[in-house]
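Protein chains: 2
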Amino acid sequence: MNFDLHAAHAALEDAIHHLPLYGTPAELYDPMRYIMSLGGKRMRPMLVLLGKYAVTGTWQDVVQPAIAVEMFHNFTLMHDDIMDRAPLRRGRATVHKKWDENVALLSGDAMLVKTYQQWLETVPPGFLLGLLKRFCQIAVQVCQGQQMDMNFEARKRVTMKEYLEMIRMKTAVLIGFSLEAGARLGHASEETLDQLYHFGELLGIGFQLKDDLLDVYGQPDKFGKLMGGDIIANKKTFLLVRALELANAMQMRELDYWLTVEEFDPQTKVDAVKEIYDQLAIKEHTENAMNEYFEKAFATLEQVAILPERRQVLREFARAIIERDQ
Amino acid sequence: MNFDLHAAHAALEDAIHHLPLYGTPAELYDPMRYIMSLGGKRMRPMLVLLGKYAVTGTWQDVVQPAIAVEMFHNFTLMHDDIMDRAPLRRGRATVHKKWDENVALLSGDAMLVKTYQQWLETVPPGFLLGLLKRFCQIAVQVCQGQQMDMNFEARKRVTMKEYLEMIRMKTAVLIGFSLEAGARLGHASEETLDQLYHFGELLGIGFQLKDDLLDVYGQPDKFGKLMGGDIIANKKTFLLVRALELANAMQMRELDYWLTVEEFDPQTKVDAVKEIYDQLAIKEHTENAMNEYFEKAFATLEQVAILPERRQVLREFARAIIERDQ
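Going down the list, the sequences are from chains A and B.
Each number in this note's numbering corresponds to the 1-based position in the first sequence with 16 added.
Each number in this note's numbering corresponds to the 1-based position in the second sequence with 16 added.
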């Protein structure tokens with residue numbers, strides 16, 4: 017049996033649509049349904065389905081647990097948007113803008129509890145303890161990654177090693193966990209779980225580098241957020257960290273100027289920083305690093321003891337993540 | 017074997033002191049240890065021990081799970097203090113004042129995950145599914161209660177029924193759950209669990225009415241917070257809701273004045289509102305309602321099928337909660 021991506025996506029959307037996120041007060045539940053309905057690629061729950069498919073050839077029975085990962089991801093988005101003071105998410109108002117910060121804080125809290133409820137109600141009891149223990153480990157790491165990201169904002173310099181560790185925790189571990197969780201529900205061996213996790217983690221780091229690239233070099237109209245938003249916010253991205261490593265004295269002075277100036281025209285700042293990136297071939301440096309992670313990911317995938325046609329499905333899905341332009 | 021309150025308290029403090037709340041970044045973990053170290057009565061974990069003791073005569077083996085309830089309670093305090101913009105907690109700076117709001121938000125998130133980890137690592141597997149399902153239900157209700165409380169802030173009037181439902185969810189359900197959780201870990205029957213939960217819930221409502229009373233009529237120097245803080249903040253307490261029910265036209269005009277005036281001397285406002293409370297005998301009305309809840313609680317306790325000497329221990333603990341003056 018082949019993997020029908022379209023059917024899987026439809027099953028996920030249907031399950032999300034039917035989640036029991038109703039109750040009073042409305043301010044607690046409406047934001048959960050709102051953020052879950054904003055769409056997105058549903059990459060993480062899809063990876064749960066793919067992890068299950070990789071080891072058993074079926075995915076239909078893990079649609080409900082897969083949704084728990086998407087709920088957790090959306091909980092992190094709701095709280096991250098408060099911390100980042102982000103006005104938009106996928107082109108729509110963020111929860112704390114549409115309601116207020118207290119609502120986003122509390123609705124997010126309740127959504128994290130609802131995530132655990134989703135696990136508890138949909139995972140067969142025999143898998144529950146192992147899965148929940150791993151999920152808690154991962155969830156704590158996601159918090160650690162977000163705290164590192166916030167700490168970086170207040171710092172003038174961040175090493176490449178620190179940056180990569182931050183995105184590993186903030187983004188990549190959940191992607192690795194998603195694949196692992198699906199495989200876990202398919203009775204995979206510890207070795208297979210470990211390999212699929214690492215494939216996902218490497219893919220996740222590459223995925224974030226792509227995200228950093230798209231902020232500066234993506235298609236403006238396809239992306240929900242402002243082009244160069246990371247530059248405007250002085251976000252420590254791979255591009256900036258690499259540029260600060262490579263800059264000569266004059267380029268460094270100019271970067272430092274843009275990193276410290278308080279009043280500026282956004283487009284002028286984006287253009288000026290992008291000009292330095294271009295001088296330093298930062299796009300190519302980032303693409304090279306990204307491709308290295310993707311290659312390591314594919315090499316890890318090769319080692320997983322699964323049927324070749326299922327490996328091919330994972331390869332194609334990873335390829336689509338790599339080649340996305342938004 | 018009798019219940020040694022002193023030994024139980026020491027065991028809880030020792031377990032809290034040895035919690036593995038360490039890691040990087042420090043901003044994520046330091047606030048957890050800070051808020052857990054602020055002390056307090058440790059009423060909720062003590063109720064877990066008492067619930068276990070009530071059905072088995074021992075409590076030593078549930079000290080670790082009991083701490084999970086205290087962790088959850090402190091997570092709610094960390095986030096509630098952000099929402100209430102509270103500067104002080106037990107006489108010390110709140111987490112968002114000592115660090116910042118983002119740290120309090122994220123450290124609280126991680127602490128909620130750590131709460132689940134504490135359950136997962138310390139509850140015997142046979143009890144885990146039932147306990148976690150109940151805990152999730154309770155945790156969602158606590159969020160609902162907090163959201164109701166926030167909604168009340170923006171409203172001019174709140175009915176007594178709404179007020180009582182809010183404090184039931186925000187405060188009382190966790191107190192009921194604490195007793196129930198301990199009894200659950202002692203293999204109690206469904207009937208006993210239900211009765212102990214309801215005893216705790218009724219006790220919890222009385223406890224909150226006492227809290228409302230102490231804000232206005234407590235001992236200033238013993239209490240960590242400003243006297244009359246609820247009056248200054250226009251908090252919808254039992255006292256205010258009852259006063260608005262009983263006020264004549266002139267008293268209503270004065271209450272409405274104090275509820276809407278934006279610039280005022282705090283002490284003048286507290287004195288003026290307290291004067292109306294005194295005219296309406298609000299202290300006595302609140303005490304009567306509180307005592308009714310406590311009496312219902314004790315009547316429920318009488319029905320629980322436990323040994324008389326253990327019932328007596330619960331009775332004495334409840335009595336201490338009732339008679340606290342801070």
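Think of the CB as a built atom: it goes at the ideal place given N, C-alpha and C, for glycine as much as any other residue.
- Scanning the segment 52 to 91 of chain A from its first residue to its last, no whole beta strand (DSSP E) run of 3-plus residues comes out.
- The contact set of Q163/B on chain A, defined by CB atoms closer than 7 angstroms, consists of P41, E43, L44 and L122 in chain order.
- Interface flag for V111/B against chain A is unset, since no Cβ pair is found closer than 8 angstroms.
- When DSSP states are grouped into helix, strand and coil, L104/B belongs to the strand group.
- Contact annotation: V119/B and P36/B have beta-carbon atoms that are not nearer than 8 angstroms.
- Of all residues in the segment 280 to 309 of chain A, none places a beta-carbon less than 8 angstroms from a beta-carbon of chain B.
- No residue range can be given for N250/A, since it is assigned to no alpha helix (DSSP H) and is classified by DSSP as neither H nor E.
- Distance check between R327/A and each of I338/A, R340/A, A313/A and E339/A places A313/A closest, using alpha-carbon atoms only.
- Think of a sphere of 8 angstroms around the beta carbon of Q160/B: the chain A residues whose beta carbon falls inside it are G39, T40, P41, L44 and A126, in chain order.
- Under DSSP, A126/A takes part in no beta bridge, so it has no partner.
- Cβ-Cβ separation between V71/B and A204/B: approximately 4 angstroms, consistent with a contact (criterion under 8 angstroms).
- Not flagged as an interface residue toward chain A: V189/B, since no C-beta distance is shorter than 8 angstroms.
- At a cut-off of 8 angstroms between C-beta atoms, M176/A does not count as an interface residue with respect to chain B.
- Around the C-beta of A24/A, 16 or more other C-beta atoms lie within 10 Å, and the residue is accordingly described as buried.
- Between K252/A and Y132/A, the beta carbon gap of about 32 angstroms keeps them out of contact (Cβ cut-off 8 angstroms).
- Between Y293/A and V232/A, the C-beta spacing is below 8 angstroms.
- Every alpha helix (DSSP H) of 4 residues or more that sits fully in the segment 116 to 176 of chain B is shown, in chain order, as 117 to 138 and 141 to 169.
- The alpha-carbon separation between L145/B and E169/A amounts to approximately 41 angstroms.
- M166/A has a beta carbon lying within less than 8 angstroms of a beta carbon in chain B.
- Taking C-beta atoms under 8 angstroms as the contact rule, P81/B and T138/B qualify, at a distance of about 5 angstroms.
- By the rule that beta-carbons nearer than 8 angstroms mark a contact, V85/B does not touch chain A.
- Look at the segment 258 to 294 of chain B and you find these whole runs of alpha helix (DSSP H), each 4 residues long or longer: 265 to 276.
- Separation of E43/A and H301/A (C-alpha to C-alpha, rounded to the nearest whole angstrom) is 45 angstroms.
- At a cut-off of 8 angstroms between C-beta atoms, L317/A does not count as an interface residue with respect to chain B.
- For E303/A, the CB contacts under 8 angstroms within the same chain, skipping 5 residues up- and downstream, are L229 in chain order.
- In the DSSP annotation of this structure, S205/A is not part of any alpha helix (DSSP H), being labelled neither H nor E.
- G220/A has its alpha-carbon roughly 23 angstroms from the corresponding atom of A26/A.
- At a cut-off of 8 angstroms, the C-beta of P141/A has a neighbouring C-beta in chain B.
- Against chain A, the beta carbon of Y132/B has neighbours under 8 angstroms at Y132, L148 and C152, listed in chain order.
- Rounded to whole angstroms, S123/A and I98/B show a C-alpha spacing of 14 angstroms.
- Listed along chain B is no residue with a C-beta nearer than 8 angstroms to that of L201/A; the closest approach is about 16 angstroms.
- For M306/B, the uninterrupted alpha helix (DSSP H) run begins and ends at I298 to Q319, by DSSP.
- Looking from the CA of A249/B, the closest CA among P324/B, G202/B and T276/B belongs to T276/B.
- Per DSSP, the beta-bridge partners of A109/B are L104/B.
- Taking the Cβ atoms as the reference, T208/B lies roughly 6 angstroms from A321/B, within the contact range of under 8 angstroms.
- Judged by pairs of C-beta atoms under 8 angstroms, the segment 192 to 200 of chain A does not touch the segment 260 to 271 of chain A, as fewer than three such pairs exist.
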